[in-house]
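Trainee: Quick note on the numbering used here: the sequence shown kicks off at 9 and runs consecutively. We put the beta carbon where it would ideally sit given N, CA and C, even for glycine. Note that the structure is a prediction, hence the values are computed from the model and not measured. Have a look at the structure that comes next, please.
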Amino acid sequence: MDYAALYRRSVDDRDAFWREQAARIDWHTPFDLVCDTANPPFAQWFVGGETNLCHNAVDRHAATQPDQPALIHVSTETGREETLTFGQLHTEVQRMAAVLQGLGVTKGDRVLLYMPMIPEAVIAMLATVRLGAIHSVVFGGFASHALASRIDDARPTVVVTADAGSRGGKVIPYKPLLDEALAQCSHSVPHVLLINRGLAEASMTAPRDVDFAQAREAVLDAQVPCTWVPSEHPSYTLYTSGTTGKPKGVQRDTGGYTVALATSMAQIYCGKPGEVFFCTSDIGWVVGHSYIVYGPLIAGMATIVYEGLPIRPDAAIWWSLVEKYKVSVMFSAPTAVRVLKKQDPECLRRHDLSSLRHLFLAGEPLDEPTAAWIGEAIGKPIVDNYWQTETGWPILSLARGIDPDAKTRLGSPGIPMPGYDVKLLDDQTGAELTEPNRKGVLTIGYPLPPGCLQTVWGDDDRYVKTYWSTFPHKPVYNTFDWGLRDADGYYFILGRTDDVINVAGHRLGTREIEEAVSSHAGVAEVAVVGVADQLKGQVARAFVVARDPSRTASPALRQALEAEIMQTVDRQLGAVARPARVDFVNVLPKTRSGKLLRRAIQAVCEGRATGDLTTIEDPTALQQLQDAVSEVR
Ligand code: ATP
Ligand code: MG
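Printed below as a string of structure tokens:
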């Protein structure tokens with residue numbers, strides 16, 4: 009089919025297009041209005057309709073294919089490995105729903121999850137939306153302070169947690185952190201539901217804390233029907249990664265999200281009922297919400313819920329799962345691929361990957377060397393996709409479900425997906441840039457398609473001010489990313505709009521300089537930031553993780569590698585883009601979702617306080633950076 013025509017229709021004949029897509033899901037009550045645009049920039053989808061997310065993900069498949077696998081759990085941490093069919097998942101979700109109901113959860117209440125990657129986490133999400141309640145999953149790696157602020161924001165009736173998670177064989181207690189958080193926050197949480205895995209000591213405070221295994225025993229025969237909710241009823245809230253500042257609480261609806269995911273599974277991810285989908289993210293992130301939990305299940309696929317590292321017991325673990333479970337679609341992140349890249353590529357060739365059709369990657373820029381390396385190593389098409397916590401599903405990608413021959417272009421995440429009226433605007437004037445190869449702010453015209461955020465939880469003002477007020481004369485949503493469209497319509501993401509360096513009047517994207525630096529064969533990873541400079545206003549500084557640590561073992565060696573890297577940048581971008589200094593570290597400061605914490609790096613370089621660091625992966629990374637920065641040359 010002609011994707012260009014389908015896309016045009018999705019924007020120009022919006023209501024007709026989405027009315028058709030809405031038929032992919034079950035409606036308890038049909039909607040009468042496709043999109044309510046009476047109150048811009050707000051938009052409500054499928055108004056008048058009633059549905060339920062859990063019904064579409066579980067019940068309708070349990071009715072037609074009860075014996076098909078639905079949830080495949082593999083933990084290389086505890087050795088647990090099990091498969092639940094749609095029928096079994098249906099039963100377990102009802103038991104969980106009965107327990108939550110018993111603890112007082114009803115429609116509109118919040119249920120906060122602080123959980124490792126175990127089936128009970130997915131079951132609790134499904135059970136929550138089954139009751140018309142709203143889940144708020146807090147990534148299991150967050151410490152008590154971050155958890156407390158999210159508890160206060162969500163004001164949950166129940167917090168679901170586990171005694172512990174496990175990472176790289178190390179037990180990470182959860183319940184004590186939750187107890188600390190509960191002591192810190194001002195909201196008083198009526199109940200804590202504990203999944204006891206027997207990994208760590210978990211103290212129980214009666215009657216607040218309830219043991220799930222015991223409570224479940226009492227409701228084995230539970231039948232809890234789905235609570236039908238209006239299409240615009242919130243299904244969940246979720247925080248952005250906090251790469252650029254204080255995380256924003258994204259609020260998602262029910263009907264629009266379900267339709268959007270069903271559409272994306274067919275048109276972008278090419279998933280088919282009965283097949284297996286493997287997304288290596290975590291349920292604490294939006295990719296996990298959309299493509300570990302809801303997307304695959306809505307599509308009638310089995311989803312793999314994996315607890316463990318990508319390189320343990322060895323770097324072939326993912327590929328052994330692809331072989332064992334005949335995975336047809338896989339979804340991961342460039343950061344994870346870079347971890348694999350440091351291992352022996354022979355690992356990947358040991359397994360039969362014939363079931364696999366595509367590997368999708370998202371979350372951060374996919375640099376050309378990484379894309380080329382993984383494409384060659386597994387011999388499958390690599391499809392980039394660009395989106396945000398806010399949008400819930402891809403803005404840019406390739407619609408291979410519509411056009412199987414859609415060509416990837418290295419370095420580009422692709423073209424606009426259905427319903428996204430993507431526009432590049434001049435950052436100064438707000439004028440639309442229509443000619444190819446012009447760099448502008450990537451924006452989306454009003455209304456956002458179904459599935460995107462409805463508002464910031466509890467703060468409509470912040471929603472309007474943050475996303476819709478940059479270009480006051482145009483109703484456009486700002487992604488805060490720079491983009492460029494080439495003559496064939498492919499987009500390129502050139503970094504975040506607050507990542508521009510102004511060197512003596514030249515405006516340079518940090519991302520462009522990073523691309524140049526990383527094209528040097530000795531570079532494994534790089535971060536470039538702009539640092540205040542008395543003479544030039546700003547200069548670029550680069551922090552590099554060398555592929556071979558022996559090349560940075562002495563000051564002389566570091567100097568030699570630095571000079572080579574600078575020459576590489578000179579050749580590719582010109583001397584104006586050359587970093588003023590290149591420092592070498594073993595690890596870069598990243599968020600737990602694998603994104604570079606550029607603003608923190610910049611703060612260290614400029615001797616400022618680093619600000620909100622609740623989402624940092626490895627706090628020692630900042631110390632290394634500090635040491636490198638203060639090293640006198
Ligand atoms: P915050 O908004 O709190 O600062 P964040 O933007 O990192 O955090 P996410 O919603 O997890 O939170 O990340 C979305 C951003 O990640 C995008 O705006 C973009 O900058 C980047 N991104 C995601 N996918 C891609 C991709 N395929 N290519 C390039 N950049 C990407
Ligand atoms: Mg963001």
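(1) Less than 8 Å between the CB atoms is what I'm expecting for A189 and A156, so what's the real figure, rounded?
(2) Does at least one heavy atom of the ligand ATP sit under 7 Å from the Cβ of R320?
(3) Between which two residues does the alpha helix (DSSP H) holding W476 run?
(4) Identify, in the order they occur along the chain, each residue of the same chain with its Cβ nearer than 7 Å to the Cβ of F486, setting aside the five sequence neighbours on each side.
(5) For the region 580-628, list the alpha helix (DSSP H) runs that are entirely contained and at least 4 residues long, ordered along the chain.
(6) I'd like the list of long-range same chain contacts for G619, defined as Cβ closer than 6 Å, with 5 residues on each side in sequence excluded.
(7) Indicate the three-state DSSP secondary structure (helix, strand or coil) for M574 in the structure shown.
(8) Would you report the Cα separation of L418 and A379, rounded to the nearest angstrom?
(9) What does the alpha-carbon distance come out to for the pair G513 and E384?
(10) Whole-angstrom Cβ separation of L374 and D392, contact assumed at under 8 Å?
(11) Please say whether A561 and F551 have beta carbons closer to each other than 8 Å?
(12) Give the single residue among A407, P480 and A191 whose Cα lies nearest to the Cα of A154.
(13) Does the Cβ-Cβ distance between A70 and H36 come in under 8 Å?
(14) Please determine, among V227, G303, T266 and E522, the residue with the shortest C-alpha to C-alpha distance to Y277.
(15) Does any heavy atom of the ligand ATP sit closer than 7 Å to the C-beta of T72?
(16) Is the shortest distance between the beta-carbon of T251 and the beta-carbons of chain C less than 8 Å?
(17) Would DSSP call S289 helix, strand or coil?
(18) Name, in chain order, the residues that DSSP records as bridge partners for V547.
(19) According to DSSP, D392 sits in a beta bridge with which residue or residues?
(20) For A189, which of helix, strand or coil comes out of DSSP?
(21) Give a single yes or no on whether Q580 has its beta carbon closer than 7 Å to a heavy atom of the ligand MG.
(22) For T429, does the count of other Cβ atoms within 10 angstroms reach 16, so buried, or fall short, so exposed?
(23) Just checking Q102 against the ligand MG - is the residue's beta carbon closer than 7 Å to any of the ligand's heavy atoms?
(24) Rounded to a whole number of angstroms, what is the C-alpha to C-alpha distance between L2 and D591?
(25) Just curious, the alpha helix (DSSP H) that H98 is in, first and last residue?
(26) Helix or strand or just coil, what does DSSP make of V430?
(27) Say the cut is 7 Å; is the CB of T478 nearer than that to a heavy atom of the ligand MG?
(28) Please confirm whether any heavy atom of the ligand MG lies closer than 7 Å to the CB of Q396.
(29) For V113, which option in G56, H143 and P389 has the closest C-alpha, if you only look at C-alpha atoms?
(30) Taking the straight line between their C-alpha atoms, what separation do you get for V595 and L633?
(31) Hey, out of C287, S601 and P627, whose CA is closest to F147's CA?
(32) Restricting to Cα atoms, I'd like to know which of K350, C613, K482 and D507 is closest to E533.
(33) Along the chain, where does the beta strand (DSSP E) that runs through R172 open and close?
(34) In chain order, what residues of the same chain have a beta carbon less than 6 Å from the beta carbon of A268, not counting five sequence neighbours either side?
(35) Looking at the strands, I want to know which residues DSSP matches up with K178.
(36) Does the separation of the CB atoms of S83 and G257 fall below 8 Å?
Mentor: Reading from the atomic positions:
(1) Taking the sequence shown and counting its residues from 1, the one referred to as residue 189 is at position 181. Taking the sequence shown and counting its residues from 1, the one referred to as residue 156 is at position 148. Sure, about 4 Å apart at Cβ, within 8 Å.
(2) Sequence index remark: in the sequence shown, residue 320 carries index 312 (1-based). The answer is no for R320.
(3) By 1-based counting over the sequence shown, the position of residue 476 is 468. Note, W476: alpha helix (DSSP H), D468 to W476.
(4) Taking the sequence shown and counting its residues from 1, one reaches residue 486 at position 478. One point to set straight first is that residue 486 is Asn, not Phe, in the sequence displayed. Cβ neighbours of N486 beyond the five flanking positions: V449, T451, Y475 and T478.
(5) 606-613
(6) Counting from one through the sequence shown, the residue named residue 619 turns up at place 611. Closer than 6 Å at Cβ, skipping near neighbours: no residue.
(7) As a position in the sequence shown, residue 574 is number 566, starting the count at 1. Of the three classes helix, strand and coil, the one that applies to M574 here is helix, per DSSP.
(8) In the sequence shown, residue 418 corresponds to position 410, counting from 1. In the sequence shown, residue 379 corresponds to position 371, counting from 1. Looking at the two C-alpha atoms, the distance is approximately 7 Å.
(9) Position 505 of the sequence shown, counting from 1, holds the residue named residue 513. Position 376 of the sequence shown, counting from 1, holds the residue named residue 384. Near 41 Å, if we compare the C-alpha coordinates of E384 and G513.
(10) Counting from 1 along the sequence shown, the entry for residue 374 is found at position 366. Counting from 1 along the sequence shown, the entry for residue 392 is found at position 384. Indeed they touch by this definition, with Cβ atoms about 5 Å apart.
(11) If you number the sequence shown from 1, residue 551 lands on position 543. If you number the sequence shown from 1, residue 561 lands on position 553. Contact: no.
(12) To locate residue 154, count along the sequence shown from 1; it is residue 146. The shortest CA-to-CA distance from A154 to any of A407, P480 and A191 is the one to A191.
(13) Position 62 of the sequence shown, counted from the first residue, corresponds to residue 70. Position 28 of the sequence shown, counted from the first residue, corresponds to residue 36. No; because the gap between Cβ atoms is not below 8 Å, this pair is not in contact.
(14) Here the question's residue 277 lines up with position 269 in the sequence shown. Y277 has its Cα closest to that of G303, out of V227, G303, T266 and E522.
(15) Within the sequence shown, the letter at position 64 stands for residue 72. Result no, Cβ not under 7 Å from the ligand ATP.
(16) The chain labelled as chain C is not found in the depicted structure, where only one protein chain is given.
(17) Position 281 of the sequence shown, counting from 1, holds the residue named residue 289. Three-state DSSP puts S289 in coil, outside helix and strand.
(18) One-based indexing of the sequence shown puts residue 547 at position 539. DSSP lists V539 as partners of V547.
(19) By 1-based counting over the sequence shown, the position of residue 392 is 384. DSSP lists L369 as partners of D392.
(20) Working through the sequence shown from its first residue, we reach residue 189 at position 181. If DSSP states are grouped into helix, strand and coil, A189 belongs with the helices.
(21) Here residue 580 refers to the residue found at position 572 of the sequence shown. No - the ligand MG has no heavy atom lying nearer than 7 Å to the Cβ of Q580.
(22) As a position in the sequence shown, residue 429 is number 421, starting the count at 1. According to the sequence displayed, residue 429 carries Asp and not Thr. Its Cβ being crowded by 16 or more others within 10 Å, D429 is buried.
(23) Taking the first residue of the sequence shown as position 1, residue 102 is located at position 94. Q102: no, Cβ never under 7 Å from the ligand MG.
(24) Absent from the model: residue 2. The displayed extent of the chain is 9 to 641, so no value can be given.
(25) Translated into the one-based positions of the sequence shown, residue 98 becomes position 90. Per DSSP, H98 belongs to the alpha helix (DSSP H) from F94 to G110.
(26) Taking the sequence shown and counting its residues from 1, the one referred to as residue 430 is at position 422. In this structure, V430 counts as strand in the three-state DSSP scheme.
(27) Here residue 478 corresponds to residue number 470 of the sequence shown, with the count starting at 1. Outside the cutoff, so no.
(28) On the sequence shown, residue 396 is found 388 positions in, with the first residue counted as 1. Yes, the beta carbon of Q396 sits closer than 7 Å to at least one heavy atom of the ligand MG.
(29) As a first step, residue 113 is located in the sequence shown; it is residue number 105 there, counting from the start. Answer by Cα proximity: H143.
(30) For the purposes of this step, residue 595 is identified with residue 587 of the sequence shown, where counting begins at 1. For the purposes of this step, residue 633 is identified with residue 625 of the sequence shown, where counting begins at 1. When rounded, the distance between both Cα atoms is 9 Å.
(31) Working through the sequence shown from its first residue, we reach residue 147 at position 139. Considering only alpha carbons, the answer is S601.
(32) Working through the sequence shown from its first residue, we reach residue 533 at position 525. Here the closest residue by C-alpha is K350.
(33) Position 164 of the sequence shown, counting from 1, holds the residue named residue 172. For the record, residue 172 in the displayed sequence is Ala; it is not Arg. Note, A172: beta strand (DSSP E), A172 to R175.
(34) For the purposes of this step, residue 268 is taken as residue 260 along the sequence shown, with counting starting at 1. Closer than 6 Å at Cβ, skipping near neighbours: W401, P458 and G459.
(35) Taking the sequence shown and counting its residues from 1, one reaches residue 178 at position 170. Bridge partners of K178: R175.
(36) Walking along the sequence shown from the start, residue 83 turns up at place 75. Walking along the sequence shown from the start, residue 257 turns up at place 249. Not in contact: S83 and G257 (Cβ atoms no closer than 8 Å).
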